[in-house]
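What follows is a single structure, written as structure tokens, with notes after it.
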Amino acid sequence: MTVISPETASASRTAGIPALLKTAFVNALIALVLFSLMVGIRTEAGSDGQLTYWTRFGDVAALVAAVFGGSIVIELLRQWIGSSGAEKLIPPAVQSSMSLVGRYLAPALLIFTVLVPVIFYQQRYILDLAILVLTYVMLGWGLNVVVGLAGLLDLGYVAFYAVGAYSYALLATNFGWSFWVCLPLAGILAAFWGVLLGFPVLRLRGDYLAIVTLAFGEIIRLVIINWQELTGGPNGVSGIPRPSFFGIPLDNSDNGLAAWLHIEYSTTHRIVFLFYLILALALLTNWVTIRLRRLPIGRAWEALREDEVACRALGINTTTTKLTAFATGAMFGGFAGAFFATRQGFISPESFTFQESALVLAIVVLGGMGSQLGVALAALAMIGGFELFRSLETYRMLVFGIAMVLIMIWRPRGLIGHRAPTVYLTKAQAISSDLVKEGHG
Amino acid sequence: MSGATILSVDRLTMRFGGIVAVQDLSFAAERNKITALIGPNGAGKTTVFNCITGFYKPSGGTIRLTHDDGRAIALERLNDFRIAKQAKVARTFQNIRLFPGMTALENLMVAQHNALMRASGFTLLGLIGAPVYRDAEKRAIDLATDWLKRVNLLDRADDAAGNLAYGDQRRLEIARAMCTEPALLCLDEPAAGLNARESAALSELLLSIRNELGTSILLIEHDMSVVMEISDHIVVMDHGVKIAEGSPRAVRDDPKVIAAYLGTDEDEAVAVMESGS
Numbered sequence: 001m002t003v004i005s006p007e008t009a010s011a012s013r014t015a016g017i018p019a020l021l022k023t024a025f026v027n028a029l030i031a032l033v034l035f036s037l038m039v040g041i042r043t044e045a046g047s048d049g050q051l052t053y054w055t056r057f058g059d060v061a062a063l064v065a066a067v068f069g070g071s072i073v074i075e076l077l078r079q080w081i082g083s084s085g086a087e088k089l090i091p092p093a094v095q096s097s098m099s100l101v102g103r104y105l106a107p108a109l110l111i112f113t114v115l116v117p118v119i120f121y122q123q124r125y126i127l128d129l130a131i132l133v134l135t136y137v138m139l140g141w142g143l144n145v146v147v148g149l150a151g152l153l154d155l156g157y158v159a160f161y162a163v164g165a166y167s168y169a170l171l172a173t174n175f176g177w178s179f180w181v182c183l184p185l186a187g188i189l190a191a192f193w194g195v196l197l198g199f200p201v202l203r204l205r206g207d208y209l210a211i212v213t214l215a216f217g218e219i220i221r222l223v224i225i226n227w228q229e230l231t232g233g234p235n236g237v238s239g240i241p242r243p244s245f246f247g248i249p250l251d252n253s254d255n256g257l258a259a260w261l262h263i264e265y266s267t268t269h270r271i272v273f274l275f276y277l278i279l280a281l282a283l284l285t286n287w288v289t290i291r292l293r294r295l296p297i298g299r300a301w302e303a304l305r306e307d308e309v310a311c312r313a314l315g316i317n318t319t320t321t322k323l324t325a326f327a328t329g330a331m332f333g334g335f336a337g338a339f340f341a342t343r344q345g346f347i348s349p350e351s352f353t354f355q356e357s358a359l360v361l362a363i364v365v366l367g368g369m370g371s372q373l374g375v376a377l378a379a380l381a382m383i384g385g386f387e388l389f390r391s392l393e394t395y396r397m398l399v400f401g402i403a404m405v406l407i408m409i410w411r412p413r414g415l416i417g418h419r420a421p422t423v424y425l426t427k428a429q430a431i432s433s434d435l436v437k438e439g440h441g
Numbered sequence: 442m443s444g445a446t447i448l449s450v451d452r453l454t455m456r457f458g459g460i461v462a463v464q465d466l467s468f469a470a471e472r473n474k475i476t477a478l479i480g481p482n483g484a485g486k487t488t489v490f491n492c493i494t495g496f497y498k499p500s501g502g503t504i505r506l507t508h509d510d511g512r513a514i515a516l517e518r519l520n521d522f523r524i525a526k527q528a529k530v531a532r533t534f535q536n537i538r539l540f541p542g543m544t545a546l547e548n549l550m551v552a553q554h555n556a557l558m559r560a561s562g563f564t565l566l567g568l569i570g571a572p573v574y575r576d577a578e579k580r581a582i583d584l585a586t587d588w589l590k591r592v593n594l595l596d597r598a599d600d601a602a603g604n605l606a607y608g609d610q611r612r613l614e615i616a617r618a619m620c621t622e623p624a625l626l627c628l629d630e631p632a633a634g635l636n637a638r639e640s641a642a643l644s645e646l647l648l649s650i651r652n653e654l655g656t657s658i659l660l661i662e663h664d665m666s667v668v669m670e671i672s673d674h675i676v677v678m679d680h681g682v683k684i685a686e687g688s689p690r691a692v693r694d695d696p697k698v699i700a701a702y703l704g705t706d707e708d709e710a711v712a713v714m715e716s717g718s
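Sequence lines, in order, name chains A and B. In this text, residue positions in the first sequence follow the numbering used here: the first is 1, and each later residue adds one. In this text, residue positions in the second sequence follow the numbering used here: the first is 442, and each later residue adds one.
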């Protein structure tokens, strides 16, 4: 997470065209080295099995030229809408209207979210997408406790998602326990694993912490794959019970909810129920996190992110503070996992790869570390945006990646780059992200 | 009150590999007094501080803290955060270590972590918004407000600590240390980088802490105007050993101190001493 400091940005601005061309030239040179082998020479097995190859230097030239031009365009964009100048260039009137938008954005979003099943009742695709987005909003909010507040870089968050999912799946299929009993258990088990992960990594910082958490995520996945007797291995667990409306099943039977309410049965009922279920879980996560931030434990997390040595000098037990952050984040991951299991009805280790961890972490970073609204917006942008580009087929990932890069150039500290104070005497002033530390593990 | 000594350091030794940073250092700090630890750069002052505040584990010797009620605590056996929590020793840092992304008020609230943690029933009572916790938080805010007033930062309470001027950050760090309600306050070069007016204000603040609250202060300082004005007792170190000890006047006239501290050229040394005080 390199932040372009104002000095470098202004330096590159004053340096002008020679520096611009130099950057573009270096980028083009790197592209040339990379593409000359990857694109320039094409090898294939011939009709008799011998190696045939031909060169495509025209394509290489086109790509290198594209990189050269692209570097110049990006550099110019960075100078015009760059991070350092942006806030100063915006006139105060616009800024105040933006803060007004900021104030009403969260309630407006919430009201819209509550109304989504009403508006899109007929569009199953949108409802499914909304559930997916909300799942990632919840995961993002959960990871935000660890990464955004406590500043501990966790690359293995998916492990807790998996623990939650398998806890519910195994308890429900083996013992027939209901979703509402298993949900807290899934959270507790995930929190327990969070503490277990926490202990060995307490002394680690930064890159080392990231690597160990990454390994932890993989270990959990490999254990799930290999412990066939318990988890079914790569075959996963199927036939996971659907959630009931507090004991009343949501099916087409005589004692189902539809029959009970004397309305015609529709499969959409269950989707709508799942939607409100994940919305409630996500809002619970949000509420608890906001509350915790204003409690001594939450302040200690943020203080830990700012300066661990100072925390110790003030008598704060950094060990328990870190462990509670891991446990709290893991617990929410466990809840989300249990929801995932009940929604899918089938889970397998394939759902819990590193890519999921990276996606959730990207949501937290893109949203602006520590910002609840930012994380929600980022989840919408990442998951929704990815769906938006579906029509582009092959180029989907490419366009999506370019969009991410542009957003990070435009807002290097995430969509919401301000920190709101947890307590104030006269007036709560947003704190510029330039001052807020990112934590060091 | 039991005894006049709050902190007694006995034959403290600290080795880093083959380098002896502090050797057989013994001194005592009296209760309700300001004790200064001075010496040239590299004399081992900050190492002594880090041993007292638990950031280093001493290679040898004992550090004993005696509380008002006669309770004695061996600091060399406690590790890091327990020294602040149980022994009630607070410290500031040579290079200011505030929480820059948190407001001045929040910085002082973090300092009251342990008291607030107990009041919030280790988070559970606080989570459900129990009145017990709300009262405790109100008291904590009052204490913080009181300290912001004392260090003259009340109007900056809601500003990010990282946005404060250098001198303000120094004072805020002292206020933060005092919010832990310590028995012994250890200050590592509190006047470094302050101008003459700010140094005078600092001296006043430290004297008021000693006189009004009865907190004992241990101080490392290079600014002789501050040291000579407020110290009750001065310990002089050079190359890891104590070379002199006594009242400001006695230390100031000690030729050994002048030689070690300000170079061997005594004429120049005396001139600098006079211009500094």
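In this text, a Cβ means the ideal position worked out from N, Cα and C, and glycines have one as well. The structure presented is a predicted model; accordingly, all values stated were derived computationally and were not measured.
Proximal residues to L155 of chain A (C-beta, below 7 Å), its chain only, five neighbours per side dropped: A210, T213, L214, G217, S357 and L361
Neighbour list for E547 of chain B in chain A, Cβ cutoff strictly below 7 Å: R299, P421, T422 and V423
is_contact[L132 of chain A, chain B] using C-beta, thresh 9 Å: no
C-alpha gap between L453 of chain B and F522 of chain B, whole angstroms: Using only the alpha carbons, I get a separation of about 21 Å.
Chain-ordered neighbours of L568 of chain B on chain A, where CB pairs are closer than 9 Å: V288, R291, L292 and L295
Cβ-based contacts, 7 Å cut-off: residues of the segment 312 to 330 of chain A near chain B: Correct list: R312, A313, L314, G315, I316, N317 and T318.
Beta strand (DSSP E) runs contained entirely in the segment 548 to 632 of chain B, provided each spans 3 or more residues: 625 to 629
Amino acids of chain A, ordered along the chain, whose beta-carbon sits closer than 7 Å to that of K526 of chain B: Those are G315, listed as they occur along chain A.
Chain-ordered chain B contacts of I429 of chain A [CB-CB under 9 Å]: For the record, residue 429 of chain A in the displayed sequence is Gln; it is not Ile. Simply T544, D599, D600 and A601.
Whether A477 of chain B touches I447 of chain B by CB criterion (9 Å): no
Proximal residues to G345 of chain A (C-beta, below 6 Å), its chain only, five neighbours per side dropped: I240
Beta-carbon proximity list for R611 of chain B, same chain, < 7 Å, skipping 5 on both sides: I537, P631 and L635
Alpha-carbon spacing of T43 of chain A relative to V64 of chain A, whole angstroms: 21 Å
Alpha helix (DSSP H) segment containing M382 of chain A, residue limits: According to the DSSP assignment, M382 of chain A belongs to no alpha helix (DSSP H), since it is labelled neither H nor E.
Neighbour list for H790 of chain B in chain A, Cβ cutoff strictly below 8 Å: The displayed coordinates of chain B run from 442 to 718. Any statement about residue 790 of chain B would go beyond what the structure contains.
Residue environment, Y166 of chain A, which counts as buried when at least 16 other CB atoms sit within 10 Å: buried
Segment contact, 8 Å Cβ cut-off, at least three pairs: the segment 242 to 254 of chain A with the segment 272 to 284 of chain A: yes
Between the CA atoms of F540 of chain B and E438 of chain A - distance to the nearest angstrom: 12 Å
Where H734 of chain B falls, given that 16 or more other Cβ within 10 Å makes a residue buried: Residue 734 of chain B is absent from the structure shown; chain B starts at 442 and stops at 718.
DSSP bridge partner residues for M678 of chain B (one or two, in chain order): Per DSSP, B:K683.
Start and end residues, beta strand (DSSP E) containing I447 of chain B: T446 to F457
Rounded separation between G502 of chain B and F496 of chain B - CA only: Using only the alpha carbons, I get a separation of about 16 Å.
Inter-residue spacing [alpha-carbon to alpha-carbon] between K474 of chain B and T656 of chain B: 8 Å
Within 9 Å, strictly: CB atoms of G485 of chain B and G608 of chain B: no
Chain A contact for G495 of chain B (CB, 9 Å cutoff): yes
Assigned secondary structure, S432 of chain A (DSSP; H/G/I helix, E/B strand, else coil): Strand.
Residue from A:E387, A:A162 and A:I263 whose Cα sits closest to the Cα of Y125 of chain A: A:E387
Min CB distance E630 of chain B to chain A below 9 Å: no
Own chain residues within Cβ distance below 7 Å of A525 of chain B, not counting five before or after: A531 and T621
Under 8 Å by beta carbon: chain B residues contacting L202 of chain A: Near L202 of chain A there are no residues of chain B at all, since even the closest Cβ is about 13 Å away, more than 8 Å.
Three-way DSSP call (helix, strand, coil) for G148 of chain A in this model: helix
Y497 of chain B, enclosing alpha helix (DSSP H) - first and last residue: Looking at the DSSP string, Y497 of chain B is not in any alpha helix (DSSP H), and its letter there is neither H nor E.
Candidates A:V237, A:V158, A:F120 and A:F160, of which the one nearest N174 of chain A by Cα: A:V237
Proximity test, Cβ basis, 9 Å: D673 of chain B and chain A: No, D673 of chain B lies away from the interface with chain A (no Cβ there is under 9 Å from its Cβ).
Residues near L32 of chain A in its chain [Cβ-Cβ closer than 8 Å; skip 5 each side]: V60 and V64
Where V461 of chain B falls: helix, strand or coil (DSSP): strand
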